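Visitor: Numbering (the working numbering), first residue to last: -12 to 226.
Dropping the structure in here first, questions after.
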Ligand code: FES
C-alpha cells in the first residue's frame, strides 16, 4: 500500500479581472491529515497562508454544488474529493468556460440564465388540491435521478456546445426540463418540450458525453437528452 503524502503542493489559479490581464498560478504547501478534502486544503491556505484566496463553498457535504472546481484537469466537488488520492501536486482552477469573478469563484449568472430558458419549475392547473399533489411511487421513480442534480455547473462547464452557442441551454437545463416533462403532476409539458426540442435545443447535442463524465452525482445528462428527443419526435408526429 502506498503511503499518503504528508504534504501536498497546491497550484491554485489566481485571477482578478479588475486588476489582472491574465491568470497565473500560486503555489502553496499544505499539511495533510486523514479524511482531508481539497476544500479543507483550500481553507488551510486561506487561514494560514493567503487571506485573499477566493473560492465558494456552503454545505461541505456534496449537496449544494457551490465548491465545484477544476481539480487536476477534471470538474470535481472540492468538498467531496480526498486530497491524498490526488498525488503530491494538485492543480486547482475555476470551472472552465465560465467567467471568473475572482480566483476559483465563477459567475453563476450564465448558468442560471440558461437554466431559466427551460422553465425549471413545477406548473399545475388550478384548482390545486387541498393538501398535496399525489404521485404514485412508480411515477415518482421516473424523476428520481434527475432530481439529484445539485446545480454545481460541472456539466455546464464541460459541454462544448454550451461554450459556443449562447442559445443552447446546456446539459443541466435539459435534465431539469426532462424532470418536469416526466413529472405526472406537471401541466406545462408541451410548452417545455417546445422550448428544448427546438433547433437550439437537444438536437444540437453532439453526444460527446463530457457532461456525464463531469457530473459528481453520476447523472447522465445524455440519457435525459435522448429522452427529450424521443418525446419531441413523438409530439411532432402527432401534429
Ligand atoms: S460545499 Fe456544497 S457541494 Fe461542496
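Positions of the beta carbon are idealized from the N, C-alpha and C atoms, including for glycine.
Everything numeric in this text was worked out from a predicted model, so none of it was measured.
Using 8 Å for Cβ pairs, my map puts residue 203 next to residue 141. What's the rounded Cβ distance?
Guide: Between residue 141 and residue 203 the Cβ distance is about 6 Å, and since that is below 8 Å, they are a contact.
Visitor: Please state the DSSP three-state secondary structure of residue 126.
Guide: Helix at residue 126.
Visitor: Near residue 76, what residues of its chain come up, given a Cβ to Cβ distance below 6 Å and the 5 sequence neighbours on each side ignored?
Guide: Same-chain partners within the cutoff: -4.
Visitor: Can you name the start and end residues of the beta strand (DSSP E) that residue 16 belongs to?
Guide: 11 to 18 is the span of the beta strand (DSSP E), which, as asked, contains residue 16.
Visitor: Starting from residue 58, follow the beta strand (DSSP E) in both directions and report where the run begins and ends.
Guide: Taken as a continuous stretch (DSSP letters only), the beta strand (DSSP E) holding residue 58 covers 55 to 58.
Visitor: Can you tell me the Cβ-Cβ gap for residue 2 and residue 138, rounded? I've got them flagged as a contact below 8 Å.
Guide: Contact flag wrong, Cβ pair sits at about 23 Å.
Visitor: Measuring from the CB of residue 184, is there a heavy atom of the ligand FES at a distance below 8 Å?
Guide: No, the beta carbon of residue 184 sits no closer than 8 Å to any heavy atom of the ligand FES.
Visitor: Tell me whether the beta-carbon of residue 161 lies closer than 9 Å to the beta-carbon of residue 189.
Guide: Taking 9 Å as the Cβ cut-off, residue 161 and residue 189 qualify as a contacting pair.
Visitor: Hey, how far is the Cα of residue 127 from the Cα of residue 121?
Guide: Cα to Cα, the separation comes out at about 10 Å.
Visitor: Going along the chain, which residues of its own chain have a beta-carbon closer than 6 Å to the beta-carbon of residue 182, five neighbours each way excluded?
Guide: Correct list, in chain order: 105.
Visitor: Once DSSP output is grouped into helix, strand and coil, what is the label at residue -6?
Guide: Of the three classes helix, strand and coil, the one that applies to residue -6 here is strand, per DSSP.
Visitor: With a threshold of 8 Å (Cβ to nearest heavy atom), would residue 55 be considered close to the ligand FES?
Guide: Flag set: Cβ of residue 55 near the ligand FES.
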